[in-house]
Amino acid sequence: MEEKTHWKKLVNLDYIGAYSLNGQDLTVEITKVEVRRVKGEGGKEEDCTVASLKGQKPFIVNRTNAKTISKVYGSPFIEDWVGKMITLYPTTTKVAGETVECLRIRPIAPKETTFDAEIQAETKMLESCKSLEELQKTYFGLKHKNDSKIVAIKDRMKEVLK
Numbered sequence: 001m002e003e004k005t006h007w008k009k010l011v012n013l014d015y016i017g018a019y020s021l022n023g024q025d026l027t028v029e030i031t032k033v034e035v036r037r038v039k040g041e042g043g044k045e046e047d048c049t050v051a052s053l054k055g056q057k058p059f060i061v062n063r064t065n066a067k068t069i070s071k072v073y074g075s076p077f078i079e080d081w082v083g084k085m086i087t088l089y090p091t092t093t094k095v096a097g098e099t100v101e102c103l104r105i106r107p108i109a110p111k112e113t114t115f116d117a118e119i120q121a122e123t124k125m126l127e128s129c130k131s132l133e134e135l136q137k138t139y140f141g142l143k144h145k146n147d148s149k150i151v152a153i154k155d156r157m158k159e160v161l162k
């Protein structure tokens with residue numbers, strides 16, 4: 001199966017969005033939360049809460065997602081969110097009567113050890129591939145194919161198997 005590129009990946013280069021996840025959940029660690037001046041699609045600039053994510057593009061945290069993080073970790077303070085794991089997932093919402101794609105956060109804290117073990121297992125699966133065809137098939141079947149570590153292993157293995 002061929003991996004296709006969502007057009008928004010070409011437009012929204014600075015921040016992660018629903019289009020970045022290819023329909024999959026993505027578990028990430030928050031490394032920093034701050035207010036940044038963000039330029040929207042129409043060129044309008046706005047101050048937004050932005051979470052830096054380990055190994056991923058930053059995430060613009062809207063009110064809904066801020067409330068979810070606050071509830072999951074029992075703290076409304078952004079400083080307490082640093083080092084915490086969240087699971088992003090793509091969905092849709094209505095804005096001005098139009099249905100649009102958005103990112104939401106699963107309302108439960110992910111188990112870090114489970115995530116780490118899954119990444120390790122998927123790394124071994126990729127590293128055991130003997131052909132580009134096998135690598136492609138294996139990669140597209142992975143749960144964490146959007147994780148930066150997994151993408152890096154896949155890219156390294158592509159070079160090795162050429």
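Using this note's numbering, you'd call the opening residue of the sequence shown number 1 and step up by one each time.
Glycine residues also receive a C-beta, built at the ideal position from the N, C-alpha and C atoms.
All values reported here derive from a predicted model rather than from experimental measurement.
Residues near residue i by beta carbon distance below 7 Å, same chain, minus five either side
i	result
lysine 54	Val28, Glu29 and Thr31
valine 72	Pro107, Ile108 and Ala109
proline 76	Ser70
serine 148	Gly55 and Gln56
valine 100	Thr92 and Thr93
isoleucine 105	Asn65, Thr68, Ile69, Ile86, Thr87 and Leu88
glutamate 34	Val50
tyrosine 139	Leu126, Lys145 and Lys154
Expected contact under 8 Å - CB spacing of residue i and residue j to nearest Å
i	j	result
glutamate 127	isoleucine 150	Their Cβ separation, rounded to whole angstroms, is 11 Å, which puts glutamate 127 and isoleucine 150 out of contact at 8 Å.
leucine 103	cysteine 129	Their Cβ separation, rounded to whole angstroms, is 31 Å, which puts leucine 103 and cysteine 129 out of contact at 8 Å.
Helix, strand or coil at residue i according to DSSP, with G and I counted as helix
i	result
arginine 104	strand
leucine 135	helix
alanine 109	coil
lysine 124	helix
phenylalanine 77	coil
lysine 145	coil
lysine 162	coil
lysine 4	coil
Cβ-based neighbour list, residue i, same chain, cut-off 8 Å, excluding 5 preceding and 5 following
i	result
glycine 83	Glu29, Ile30 and Thr31
Sheet register partners of residue i (DSSP bridge)
i	result
valine 94	For the sequence presented, residue 94 should be read as lysine rather than valine. Answer by DSSP bridge pairing, in chain order: Thr99.
threonine 86	First, the residue type needs correcting, since residue 86 is isoleucine and not threonine in the sequence shown. In DSSP, isoleucine 86 forms a bridge with Val28.
Contacting residues, own chain, Cβ-Cβ under 6 Å from residue i (five flanking each side not counted)
i	result
leucine 26	Leu88 and Asn146
isoleucine 16	Gln56, Lys57 and Phe59
Any non-hydrogen atom of the ligand HEM within 7 Å of residue i CB
i	result
leucine 142	In the structure on display, the ligand HEM does not appear, and there are no ligands present to speak of.
Q | alpha helix (DSSP H) runs contained entirely in the segment 6-70, provided each spans 4 or more residues | A | 8-11
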